[in-house]
Structure formats: structure tokens, C-alpha cells
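Student:
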Amino acid sequence: MRTITLKTAITETNIFVDLPFTEFKSIIKNKWIPNQVQYDNFSNIAIITDSNVRTIYGRHLSEYNVIELKPGEESKSLETVENIYRQLLDFEIDRHGFIIGIGGGVVCDITGFVASTFLRGVRFGFVASTLLAQVDASIGGKNGVNFLSYKNIVGTITQPEFVICDHAMLDTLLVQEYRCGLAEIVKSALAGNKDLFEMLEQNIDSINGKDKSILNKIILEAIKFKVSIVEQDEKDDGIRQILNFGHTFAHAIESKTGMSHGEAVAIGICKSAEISVKMGLLNNSEHERIKSLLKKFNLPIDMKLNFAELLPAISKDKKRKDEMINFILLKGIGEPIIHKFKSEELKKLI
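11 is the number of the first residue of the sequence shown in our numbering; add one for each residue after it.
(1) Expressed to the nearest angstrom, what Euclidean distance is found between the alpha-carbon atoms of Pro346 and Glu211?
(2) Which whole runs of the alpha helix (DSSP H) in the stretch 195-251 are 4 residues long or more, in chain order?
(3) Helix, strand or coil for Tyr160, going by three-state DSSP, please let me know.
(4) Which of helix, strand or coil does DSSP assign to Gly154?
(5) Could you check the C-alpha separation between Leu174 and Met11 for me, to the nearest Å?
(6) Confirm, please, whether the CB-CB distance from Gln242 to Ile348 is below 8 Å.
(7) Helix, strand or coil, according to DSSP, for Val173 in the structure here?
(8) Would the beta-carbon of Asp60 fall within 8 Å of that of Lys80?
(9) Just to confirm my understanding: we take Pro30, look at its own chain, exclude 5 residues before and 5 after, and list those with CB closer than 6 Å. What are they?
(10) Measuring alpha carbon to alpha carbon, tell me which of Phe337, Ile224 and Glu296 ends up nearest Gly248.
(11) Whose C-beta lies closer than 6 Å to the C-beta of Glu102 among residues of the same chain, with five residues either side of it excluded?
(12) Measure the C-alpha to C-alpha separation of Ala199 and Arg130 and round it to an integer number of angstroms.
(13) Rounded to the nearest angstrom, how far is the Cβ of Ile167 from that of Ile233, given a contact under 8 Å?
(14) Going by DSSP in three states, Leu339 sits in which element: helix, strand or coil?
(15) Classify Asp221 as buried or exposed, calling it buried when 16 or more other Cβ atoms lie within 10 Å of its own Cβ.
(16) In chain order, what residues of the same chain have a beta carbon less than 7 Å from the beta carbon of Lys7, not counting five sequence neighbours either side?
(17) DSSP state of Pro81, grouped into three classes?
(18) Where do the ends of the beta strand (DSSP E) carrying Thr59 lie?
(19) Give the straight-line distance between the Cα atoms of Ala262 and Thr18, rounded to the nearest whole angstrom.
(20) Let me know the secondary structure DSSP gives Thr168 once reduced to three states.
(21) Which residue comes first and which comes last in the alpha helix (DSSP H) that contains Val275?
(22) Closer than 7 Å by C-beta to Phe52: which residues in its own chain qualify, once you throw out the five before and the five after it? Chain order, please.
(23) Taking the alpha-carbon positions, what's the Tyr49 to Ile55 distance?
(24) What ranges does the beta strand (DSSP E) occupy inside the stretch 292-316, keeping only unbroken runs of at least 3 residues that lie completely in it?
(25) Do Lys204 and Val275 have their CB atoms nearer than 8 Å?
(26) Which of helix, strand or coil does DSSP assign to Leu192?
(27) Just how far apart, CA to CA, sit Lys350 and Ile335?
(28) Where does Ile149 fall in DSSP's three states?
(29) Could you tell me which residues DSSP pairs with Ala178 in its beta bridges?
Written out as C-alpha cells, the structure reads:
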């Protein structure tokens, strides 16, 4: 087990890597959380999870107040949030309570948003059960839900008290869910960790086979990289924007097609790399390396939809400012740059 601590101006988040998820009970009891009170009465704790996770791990949660969500992106709505608020009131969770999200990216997003808004803020932590959640969604404090057809357009940036990444939980993932996590790791590598990209290239078979030793290494690398960026720019005003590489397209693709997040990220990565080539920033050989790696992880690199159809959704992206859209491009593997486009300029390139 390794502990990585994410420190911001006013908070600390302990990220426990390869710790059995049931240790969240010890974390609460033994005050592993900075400044945490000890909870002798577990009625002050609520757990948010989905039905898939509860089916597998529910026997460990029977002593707690559990709120069960329907799995999938459809749950990331204000309607779901309202239903959770009602249940938290029924459970008599107060401002001295604690909320734990156990699940993948959707559960983490919803839990963080609910906890940061209910009673103007209740402390919370995550048990990340998917690869995508362990390397991305649970780390950094971005929490949110979708509204109308727009991804994560309502949300907060509030840090969890702790994150548990139990690698054993990855054994129960569907193949598609596992690949979605790999897409986020590729994104992290391209956004600033060339060594991680080369590690991925050199260990394709082991990674596809979920080899524990190599998985532990790439998960640690991805987490450490994200932590280093978030510590510099918690509020996403500057360098943290590089972590959005591929995501401007991805969020629009998800909104338009309902495609899974990881698959949409893979396509967004390729399209952003293609634009980088067209602008003379990225060379063709590195573009081919990127596409080759994604294909070896059985991730999509293109889609039939005309990318111009995504422009209305892209124009509502959170990263826009006035008429300009902040886009992350590459001038090399692990060398991102922030480029501002007008919609008309982007339309010509896609």
C-alpha cells in the first residue's frame, strides 16, 4: 500500500493506493483523516453507491445507511441529487456527518457534488471501484452532474478527505469499463508524462491481461501526475487545463451519441492530435504512435459522426471564455499546449 497526499491551500487528501476497500471503516475510526472526529455512532455516515457495486460488495455495507443509484450516466442529474438529499434528510445526516461514495466515476461525481452542497458542505471520501475512477474521477475535487444535454455543467471543486484505490476491485470490471480507464491513463501520459506513455507502449500484453505489478506502476504514475498538476492549480484556471486533453471533444461526443466516457476520450484524443498535426505542432510519427497505442488497448480512434455536428455542444463547453474555446493540443508526446479557438476556426480544422 502506498499513500499519496494531495495538498491544496486549505485541504489535504490522503490517497491510499492498493488498500483493501473495507479499510474505510478503520480510516473513520482511527482518525486517519486530517482533523477528523471519531465516529462512534455509524448512523452519522451515509454511503452512496450503485446497484452493481452493492450486488458485489453489499455484505460489507449492511451496518450503514446506504443510498443506491442506478448505474450509468443517466444518474448524473439534478433529479438524482434531489432524491439523495431527501434520503440524507431521512437518515438525519447533519453537518458533522460523513458521506462515502463507493463506485466509479458517476458515483464519485454525484457523491462529491451532493456532499459539497448538502447543508452547505458535509465531509466526504471515496472508494474508487473502477480504473477510471482510481486514476481520474476520484482525484482533484471536481464534482458535478449533467444538465439538459451538457456534461458536468453544474458542479463544484471540493476535495474529498480520502480516496481508497483497491486494485482488487478491478477484477470485477467489465472489459469495456477497464478500457475506459486505460483511455484516461493514455490521456495523462500525453498531457505531461512521456515516461508513462513509453511504459504503456512497452507493456501492452501485461496491461491488457491486468497484470497486477504493471497495473500498480501505471496507476501510481497516473495518480502522482494528476496530484502534481492539481496542487499547482486546484481551480482549473491555468495548468490544470492540460488534464482536459481530449475532453472537449469527448464531452460533446458523449452528449451527442451516448458513448461511454472512456471511448469518447479515446476519440477526442485522436481528433485533438489530428488537429495538432494540421497546425504543424505534432509530427505524423507521434500521431501514429498515439493511434497505435489506443488501438492496441481496443479503444476506438474515430467515429462515423460528422465532427462539425459537435460544435453546438462544444460552444457550451465549460472551458470557453467569451467567444474563445480553450483547446489542449500537443507539440509532442507529453508536451501539451493551451490554444484558443473561435468556433469558425475550429470548424475549418475538423
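By construction, the Cβ of each residue, glycine as well, lies at the ideal position given by its N, Cα and C atoms.
Tutor: By the coordinates alone:
(1) Residue numbering aside, residue 346 sits at position 336 when the sequence shown is read from its first letter. Residue numbering aside, residue 211 sits at position 201 when the sequence shown is read from its first letter. Rounded to the nearest angstrom, the two C-alpha atoms are 19 Å apart.
(2) 204-212, 214-218 and 222-242
(3) The residue labelled residue 160 in the question sits at position 150 within the sequence shown. DSSP places Tyr160 in strand when its eight states are reduced to three.
(4) For the purposes of this step, residue 154 is identified with residue 144 of the sequence shown, where counting begins at 1. Residue state, collapsed to three classes: strand.
(5) As a working note, residue 174 is residue 164 in the sequence shown. As a working note, residue 11 is residue 1 in the sequence shown. In the sequence as presented, Leu is not what sits at residue 174; that position holds Ile. Near 10 Å, if we compare the C-alpha coordinates of Met11 and Ile174.
(6) Taking the sequence shown and counting its residues from 1, the one referred to as residue 348 is at position 338. Taking the sequence shown and counting its residues from 1, the one referred to as residue 242 is at position 232. Cβ distance not < 8 Å, so Ile348 and Gln242 don't count as in contact.
(7) The residue given as residue 173 occupies position 163 in the sequence shown. Of the three classes helix, strand and coil, the one that applies to Val173 here is strand, per DSSP.
(8) The residue you call residue 60 lines up with position 50 of the sequence shown. The residue you call residue 80 lines up with position 70 of the sequence shown. Yes; because the gap between Cβ atoms is below 8 Å, this pair is in contact.
(9) Your numbering for residue 30 matches position 20 in the sequence shown. Result list for Pro30: Asp176, in chain order.
(10) The sequence position of residue 248 within the sequence shown is 238, counting from 1. Minimum Cα distance to Gly248 is reached at Phe337.
(11) As a working mapping, residue 102 is identified with position 92 in the sequence shown. Contacts found: none.
(12) Here the question's residue 199 lines up with position 189 in the sequence shown. Here the question's residue 130 lines up with position 120 in the sequence shown. Whole-angstrom Cα-Cα distance: 36 Å.
(13) Looking up residue 167 in the sequence shown gives position 157. Looking up residue 233 in the sequence shown gives position 223. No, Ile167 and Ile233 are not in contact; Cβ-Cβ is about 18 Å, not under 8 Å.
(14) For this step, residue 339 is matched to residue 329 along the sequence shown. Reduced to three states, the DSSP call for Leu339 is strand.
(15) One-based indexing of the sequence shown puts residue 221 at position 211. The residue is exposed, with fewer than 16 neighbouring Cβ atoms inside 10 Å.
(16) Here the chain covers residues 11 to 360 and nothing more, so residue 7 does not appear.
(17) What you label residue 81 is simply residue 71 of the sequence shown in a count that begins at 1. Coil at Pro81, not helix or strand.
(18) Here residue 59 is taken as the residue at index 49 of the sequence shown, counted from 1. Segment Ile55 to Asp60, the beta strand (DSSP E) holding Thr59.
(19) Translated into positions along the sequence shown, residue 262 becomes position 252. Translated into positions along the sequence shown, residue 18 becomes position 8. Rounded to whole angstroms, Ala262 to Thr18 spans 30 Å at the Cα level.
(20) Position 158 of the sequence shown, counted from the first residue, corresponds to residue 168. The answer is coil: DSSP assigns Thr168 none of H, G, I, E or B.
(21) Locating residue 275 in the sequence shown gives position 265, where the first residue counts as 1. His271 to Lys288 is the span of the alpha helix (DSSP H), which, as asked, contains Val275.
(22) Here residue 52 refers to the residue found at position 42 when the sequence shown is read from its first residue. In this prediction, Phe52 has a pLDDT of 49, which is less than 50 and means its spatial position is unreliable; nothing more can be read from the coordinates.
(23) Here residue 49 refers to the residue found at position 39 when the sequence shown is read from its first residue. Here residue 55 refers to the residue found at position 45 when the sequence shown is read from its first residue. Low confidence applies to Tyr49: its pLDDT is 49, below 50, so where it sits in the model is not reliable, and the reading given next is rough at best. The alpha-carbon atoms of Tyr49 and Ile55 are separated by roughly 8 Å.
(24) none
(25) For the purposes of this step, residue 204 is taken as residue 194 along the sequence shown, with counting starting at 1. For the purposes of this step, residue 275 is taken as residue 265 along the sequence shown, with counting starting at 1. No, these two residues do not count as a Cβ contact at 8 Å.
(26) Counting from 1 along the sequence shown, the entry for residue 192 is found at position 182. Of the three classes helix, strand and coil, the one that applies to Leu192 here is helix, per DSSP.
(27) Along the sequence shown, read from residue 1 onward, the residue named residue 350 stands at position 340. Along the sequence shown, read from residue 1 onward, the residue named residue 335 stands at position 325. Going by the C-alpha atoms only, they are around 5 Å apart.
(28) As a first step, residue 149 is located in the sequence shown; it is residue number 139 there, counting from the start. Reduced to three states, the DSSP call for Ile149 is coil.
(29) As a working note, residue 178 is residue 168 in the sequence shown. None; Ala178 has no bridge partner.
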